[in-house]
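Novice:
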Amino acid sequence: MKTQGLSDAEIESRLAAPGAGVPWYVRLVMRHYIGPCVAAKADWAAETQRFVDTNAAILALAEKMDNGQLQKRVLVPRLRGLEDSSRYWSAAMTLEHLMIVGTGMRDIIIRLSQGQVPPGRADTARVKPLGKLPAQTVLANYKSFISTLMPQIETAVPPEKRDGALTYAHPWFGGFTLRQWHWLLAQHNAIHLRQLQEIAARV
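In structure tokens form, the structure reads like this:
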């Protein structure tokens, strides 16, 4: 899509609506292969480290940008696992989204470990960034977020509680156990690291 001369609203109008998700055939793979064969068998320690490593890479990219670059919205190519409506974000918006989703997934993981099904339903349309905070505020908040979130999970969910059968539904994957949600926390980071790399190459 050519974006030169188009307003933000015009670009957004040409993308799928928030919450539209991914194509049906991708969801089939997610539900019947990735969920049961990859996420369910993920090594907890390895996924914890992947979360830490992707956060470090994301932060390194963001810290190289000035305020203008952090706030500049960029239309990135279609990426696997990224909703169409999420393709036109700034780096700051991406960090904001990671904090919204990461906090939500933390709460899901902890609740499931306590034998509680979280209230409501997961909805990708409700976790989009507003993009109204100053870039440096978002960056500072992100630094705090990545230093505290995983330790909170590790403290609240000891090894003997990490394989519970209770599930909470993801709109694309279906019912996920806390181990699968923990895998998704790291996988979600990896998707948006790729997005940040695309943004950084274009600002």
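For the sequence shown, the working numbering begins at 49 and goes up steadily by one.
Glycine is no exception: its CB is placed at the ideal position from the N, C-alpha and C atoms.
The structure presented is a predicted model; accordingly, all values stated were derived computationally and were not measured.
1) Does the distance between the C-beta of K180 and the nearest non-hydrogen atom of the ligand ADP fall short of 7 angstroms?
2) Quick one, are the C-beta atoms of F109 and E144 less than 8 angstroms apart?
3) Would you kindly work out how many angstroms separate the C-alpha atoms of D114 and R250, rounded to a whole number?
4) Please name the residue in D91, G222, L130 and T142 whose C-alpha comes closest to that of A68.
5) Closer than 7 angstroms by C-beta to G116: which residues in its own chain qualify, once you throw out the five before and the five after it? Chain order, please.
6) Tell me the DSSP secondary structure of F193 in three-state form.
7) How about I247 and A139: are their beta carbons less than 8 angstroms apart?
8) Span of the beta strand (DSSP E) holding F221?
9) Excluding the 5 residues preceding and the 5 following G83 in the sequence, name in chain order all residues of the same chain whose CB lies nearer than 8 angstroms to its CB.
10) Excluding sequence positions up to five away, which residues of its chain have a Cβ less than 6 angstroms from the Cβ of L214?
11) Quick check: I59 and L244, are their CB atoms within less than 8 angstroms of each other?
12) Would you grab the beta carbon distance between R128 and A234 for me? Rounded to a whole angstrom, and I think it's under 8 angstroms.
13) In this structure, what does DSSP give as the bridge partners for A217?
14) Compute the beta-carbon to beta-carbon distance between A183 and A217, rounded to the nearest angstrom, for a pair I have assumed lies under 8 angstroms.
15) Tell me the rounded alpha-carbon separation between V77 and N189.
Specialist: Once the coordinates are examined:
1) Ligands displayed in this structure: none; no statement on the ligand ADP is therefore possible.
2) In the sequence under discussion, the amino acid at residue 109 is Leu, which differs from the Phe named in the question. Their beta carbons are not under 8 angstroms apart, which means L109 does not touch E144 by this criterion.
3) 14 angstroms
4) L130
5) none
6) helix
7) yes
8) Run containing F221: none; DSSP gives neither H nor E here.
9) F221, G222, F224 and Q228
10) L160
11) no
12) Actually they are not in contact, since the Cβ atoms of R128 and A234 sit about 15 angstroms apart, beyond 8 angstroms.
13) G223
14) No, A183 and A217 are not in contact; Cβ-Cβ is about 34 angstroms, not under 8 angstroms.
15) 35 angstroms
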